[in-house]
Structures are given as C-alpha cells and as structure tokens.
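Notes follow once the structure below has been shown.
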Amino acid sequence: MVDTASAAKSHPLNAECKVDPWFFLASPKDLIFTHFPLAALDQFVDPVVPLPVFWSLPYVRPAFFSCKVKLLNLPHAPRIELRDDQVVPLVMCVRDASLAVFAEVELHDPNGSGRIVARQPLLAQCMDYRGKRMVKILVGVRAAEARGLVKIYCGTRVPLQPRRLADEPPPPSPGRAAQKKVLGFLNKDKRPSAHDYSRIKDVDEDGSIKTTATAKTYPLACILPVVHRGRNNAPVFVQVNAAIPNEFYIKEPTDGQFHLGESVSFHLLPVGEERLFHLQLRSPSGHQFKFVYQPSDQGYILRHAVKERGAWIIVYHTDTDGWLPIASFNCI
C-alpha cells in the first residue's frame, strides 16, 4: 500500500516536503497502526481491526517497524496512568544489539492549549537476553497534575553511527601542539583540583556528561499518552553516556540525585561483554573508589557514603581512550 502524501514530497498534504520511503509499498499489517480505512475490507488484514482497538494502538513512526520494536507490557488502558512518585517499567524488544533507545516525557499545558511546558528524560537501558535485545524504560512524571506523551526514540547506537565532518575536531597548529606537549610534561604530576573533571573525556566542568542521548540522537519510533495525578515527587532519573563503545546496565541506583551523607549501593552489569572491566566511582574532589567484581551475575558492585556535594561519576578504563564516563550523579 502507498500513502501518497508521505511517499511523495510534492503532495500538498506532505507538510515537511520530505520523501518517507517507508510509506511506499508498506505492509497492510503495519499501515493499520496509522491508517484506518472507512471500509473494513480495505484493511487487508485478518482479523479486521475494530475502531476502538485502532484508537488504543500507540502512535508509531517508520522507525517502529525498521527497528522491529515490540512493546511487551502495554497497559490495558489506552494511556499510562501514574500517581505521586509511582514509576512504571515499560519493557520492549528491538531488532538487534546495534540499536539503542532514548525516551522522554513531554508535558503539555493543562489548560488545553497544546503548548509544551516541560520535557523530562526517562531512563532507557538495553540488555542482551537469550539472543534478544531487550529494553526497559522507567516512566515517571515530575509534576502535580499533568497530561503528556511518552516519546520513545530508537536507532543505531552512537558509537556505530558514521562520524560527521562537523564532529571532527580541527587539527591543532604545530606551534600550539608543541606548547601543549610542553605544558603537559610540566604538569604531568599535578593532581586534579576540586571539581576538576578535565581528565575525564566527554565531561563538562560541572561534572555532567556531554554525550547523553537526546531526542535528536535517534529517530522517533512511537508515542504513548500519559496522565499523572497527585504529588510532584517522582525521581530524577540518571542518564547514561550514549557515546561509550561498551554498554553497562545500571541496576542501582536509578535516581540521578543523592543527599549528602546518604549511603548508596551501586550495581552495574556489562552488556554483551565477557571480559573484565576496571570501574571506579570518582568524587567531586577527585577521590577514587574501586568497584568489586561479582561473579554471581558478572556485575560490579560498590557501597559508599557520599560526603561531598557535586557530581559523582562512574568511569571505566579502556586501552584506547583511557577513562570514560558511564553515568554522572548529583549530590545535593
């Protein structure tokens, strides 16, 4: 089947004036997610999809089918309903280990104007389980009374994406390179000062990771409506570095914020790797605390009382890039 509006950029109903090849010769069983014929015979699917079922389906885009997304635990209601600090896990499966997922909550104006008032990133993590690429998304809303959308994006992992020319740093001039080499030799024994994260790649001065995923990292796959009622005390989810070559699944903590003096348990699992890693937790002042390997689940654990305000970063060591950040937590 062909959607002439989306398959041809010259069609007057194609607002973006871009050719979307997925809508050219699309399968009827896929097109029923987005198009509902007036006559049941024109669906070309068996059994026929009733109109109430059609309206309960998630809004999907071509990436939903190209990535072979399967939502495994959708609620029976046509929307996700949350209360207070409730967090609901969404479990899904995607095509293979080359894909990654980002998810966010888009909150709208409660007065019905449709204006977007907030975007809140969710925690979306992948795990290879028995030959399948599984994804768990933790959904929570930080708002008192709100309605919005859970947007799920899926695409090729950042390390596997082709590098753009704009992403390549310009080569330094010979004089500047020589000066940098001399300064590096003079300061090689200098310990990093408090709140100095310059020796960790992809980390800002405030300790936040620059290469976490956003809505622009992967194409939009599907959208689910969400309604939140009650108090505004949902957690701020930790965000994982999307650019590292190795993947880690954070079992705990999933909150991105700690309180001063809190004793925190860390538990990370490597994804798709059978070799040992060197993991550390680095405090805002540069102190290092090593993770312990746990053979029972091949994970890495650490329990530590956070006694400094600022960014606490989990890093791991690679032979090519040195220490790379996995995730950053904020102690308040």
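Each step along the sequence shown adds one to the number in this note's numbering, with nothing skipped, and position 168 is 890.
Glycine included, each C-beta is placed from N, C-alpha and C at the ideal position.
Quantities reported herein were computed from a predicted structural model and do not represent experimental measurements.
> From R951 to V823, what distance separates their C-alpha atoms?
Replying inline: 27 Å
> If we count the other Cβ atoms within 10 Å of its Cβ and call it buried at 16 or more, is D1043 buried or exposed?
Replying inline: exposed
> Which one of A943, S985 and F766 has the shortest CA to CA distance from R1025?
Replying inline: S985
>> G862 and K809 - do their beta-carbons sit closer together than 7 Å?
In response: Per the sequence shown, the amino acid found at residue 809 is Val instead of Lys. Against a cut-off of 7 Å, the Cβ pair of G862 and V809 comes out as a contact.
>> Does A739 pass the burial test, meaning 16 or more other C-beta atoms within 10 Å, or should it be called exposed?
In response: Note that residue 739 corresponds to Cys in the displayed sequence, not to Ala. Result: exposed.
> In the region 777 to 864, which residue ranges form an unbroken alpha helix (DSSP H) of at least 4 residues, counting only runs that do not cross its ends?
Replying inline: 784 to 788
> If you draw a straight line from the C-alpha of R852 to the C-alpha of F980, how long is it?
Replying inline: 34 Å
>> Please give me, in chain order, every unbroken run of the beta strand (DSSP E) with length at least 3 that falls completely inside the region 946 to 1006.
In response: 969 to 974, 985 to 993 and 1001 to 1004
> Cα-Cα, which of L804, K858 and V816 is closest to A865?
Replying inline: L804
> Does the Cβ-Cβ distance between V782 and V816 come in under 7 Å?
Replying inline: no
> From F959, D977 and V880, pick the residue whose C-alpha is nearest to that of T939; which is it?
Replying inline: V880
>> Applying the 10 Å Cβ sphere with the 16-neighbour rule, what's the burial state of T726?
In response: exposed
> Just checking my contact of A943 with F786 at CB under 8 Å: how many whole Å lie between their CB atoms?
Replying inline: 4 Å
> Should G983 go down as buried or exposed, given a rule of 16 or more other Cβ atoms within 10 Å for buried?
Replying inline: exposed
> How many Å lie between T976 and F745 at the Cα?
Replying inline: 38 Å
> Helix or strand or just coil, what does DSSP make of T933?
Replying inline: coil
>> Short of 6 Å in beta carbon distance, which residues of its chain neighbour V949, apart from the five on each side in sequence? Order them along the chain.
In response: R801, E803 and R869
> In its own chain, which residues sit with a C-beta less than 6 Å from the C-beta of I859, not counting the 5 before and 5 after it?
Replying inline: L812, A825, L844 and A846
> Relative to the alpha-carbon of W1034, which residue among I922, P750 and A964 has its alpha-carbon at the smallest distance?
Replying inline: I922
> With distances taken between CB atoms, is the gap from Y1015 to L990 smaller than 7 Å?
Replying inline: no
> Among D818, C876, P772 and P832, which has the Cα closest to the Cα of E867?
Replying inline: P832
> When you compare only the Cα positions, how much space is there between E927 and V857?
Replying inline: 31 Å
>> What residue range does the alpha helix (DSSP H) around K751 cover?
In response: P750 to L753
>> Short of 6 Å in beta carbon distance, which residues of its chain neighbour V962, apart from the five on each side in sequence? Order them along the chain.
In response: A1049
>> Considering just the uninterrupted stretch of the alpha helix (DSSP H) at T1042, what are its terminal residues?
In response: Careful: T1042 lies outside any alpha helix (DSSP H) and carries neither H nor E.
> Under a three-way DSSP split, which group does P772 fall into?
Replying inline: coil
> Which residues does DSSP pair with W1034 in a beta bridge?
Replying inline: F1051
>> Under DSSP, the alpha helix (DSSP H) around A727 begins and ends at which residues?
In response: T726 to A729
> In the structure shown, what three-state DSSP assignment does V880 receive?
Replying inline: helix
> What three-state label does DSSP hand L747 in the structure shown?
Replying inline: coil
> Just the Cα atoms here: how many angstroms apart are E969 and L763?
Replying inline: 47 Å
> Distance, Cα to Cα, E1030 vs S1005?
Replying inline: 7 Å
>> Taking DSSP's pairing of strands, which residues face R885 in a bridge?
In response: Beta-bridge pairing links R885 to no other residue.
> In terms of residues, what are the limits of the beta strand (DSSP E) holding A1027?
Replying inline: G1021 to A1027
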